[in-house]
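Novice:
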Amino acid sequence: MSGIAVVDASALAALIFLEPNASVARDRLANRQLVAPRLLAYELMSAALKKVRKHPEQSALILGGVSKALGDDFTIFWSDVEPDEVLALAIETRLTAYDASYLWLAGHLGAELVTFDTALEAAARKHLS
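So the sequence shown is numbered by this note's numbering: it starts at 4 and just counts up by one.
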């Protein structure tokens, strides 16, 4: 184990849906203790729904990826966040409350934030350094 990583939906979705940056996600998440706010599950389901609607012929593969990610194939430790602190961080960073939840959790745990969201990555570089 090389430490804790807070994983967001963009990074986990890249991995489970075999998106172009899946190998980068795999490398950044390998041998890490994964932690995420509970909203990650809902964001993954939302991404899966969009993919199923766009590619219904791939429904089984898409739904299987979500089941693996939220089941036993990945060990994700779910964490609650402090709403007042997340809201203040969202206001300060101009992120959504969803994205600020990942950033807050990474800061709270002193962990790396693994994301492919450019705005969230920029905020992490500024606030987690």
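All C-beta atoms, glycine included, are put in the ideal place defined by N, C-alpha and C.
Using only the alpha-carbon positions, how far apart do L52 and A100 sit?
Specialist: Here residue 52 refers to the residue found at position 49 when the sequence shown is read from its first residue. Here residue 100 refers to the residue found at position 97 when the sequence shown is read from its first residue. Between L52 and A100, the C-alpha separation is close to 21 Å.
Novice: According to DSSP, simplified to helix, strand and coil, what is A114?
Specialist: Translated into positions along the sequence shown, residue 114 becomes position 111. DSSP places A114 in coil when its eight states are reduced to three.
Novice: What would DSSP say about V84, mapped onto helix, strand or coil?
Specialist: Residue mapping note: residue 84 aligns to position 81 of the sequence shown, counting from 1. Note: V84 maps to coil in three-state DSSP.
Novice: With DSSP as the reference, label A39 as helix, strand or coil.
Specialist: Your numbering for residue 39 matches position 36 in the sequence shown. Strand, per DSSP.
Novice: State buried or exposed for I65, treating a residue as buried only when at least 16 other CB atoms are found within 10 Å of its CB.
Specialist: Sequence index remark: in the sequence shown, residue 65 carries index 62 (1-based). The residue in question, I65, is buried, as its Cβ has 16 or more Cβ neighbours within 10 Å.
Novice: Please classify I94 as buried or exposed, where buried requires at least 16 other C-beta atoms within 10 Å of its C-beta.
Specialist: Looking up residue 94 in the sequence shown gives position 91. The residue is exposed, with fewer than 16 neighbouring Cβ atoms inside 10 Å.
Novice: Identify the residues that DSSP records as bridge partners of A8: which are they?
Specialist: Within the sequence shown, numbered from 1, the residue matching residue 8 stands at position 5. The partner list for A8 (beta bridge, DSSP) reads L37, E115.
Novice: Using 8 Å as the threshold, is the region 105-122 in touch with the region 32-43, meaning 3 or more CB pairs across them?
Specialist: yes
Novice: According to DSSP, which residues form a beta bridge with I79?
Specialist: On the sequence shown, residue 79 is found 76 positions in, with the first residue counted as 1. I79 pairs with L37.
Novice: In whole angstroms, what separates the C-alpha of S70 from that of V10?
Specialist: Taking the first residue of the sequence shown as 1, we reach residue 70 at position 67. Taking the first residue of the sequence shown as 1, we reach residue 10 at position 7. Spanning the two alpha carbons is a distance of roughly 17 Å.
Novice: Nearest to D120 by CA position, among D76, A8, A14, is which residue?
Specialist: Counting from one through the sequence shown, the residue named residue 120 turns up at place 117. Minimum Cα distance to D120 is reached at A14.
Novice: To which residues of the same chain is I79 closer than 6 Å at the C-beta, ignoring the five residues directly before and after it?
Specialist: Locating residue 79 in the sequence shown gives position 76, where the first residue counts as 1. Closer than 6 Å at Cβ, skipping near neighbours: L37, A39.
Novice: With a threshold of 7 Å on Cβ separation, who are the neighbours of E88 within its own chain once the five nearest residues in sequence on each side are excluded?
Specialist: Position 85 of the sequence shown, counted from the start, is the residue given in the question as residue 88. Answer for E88: W107, listed in chain order.
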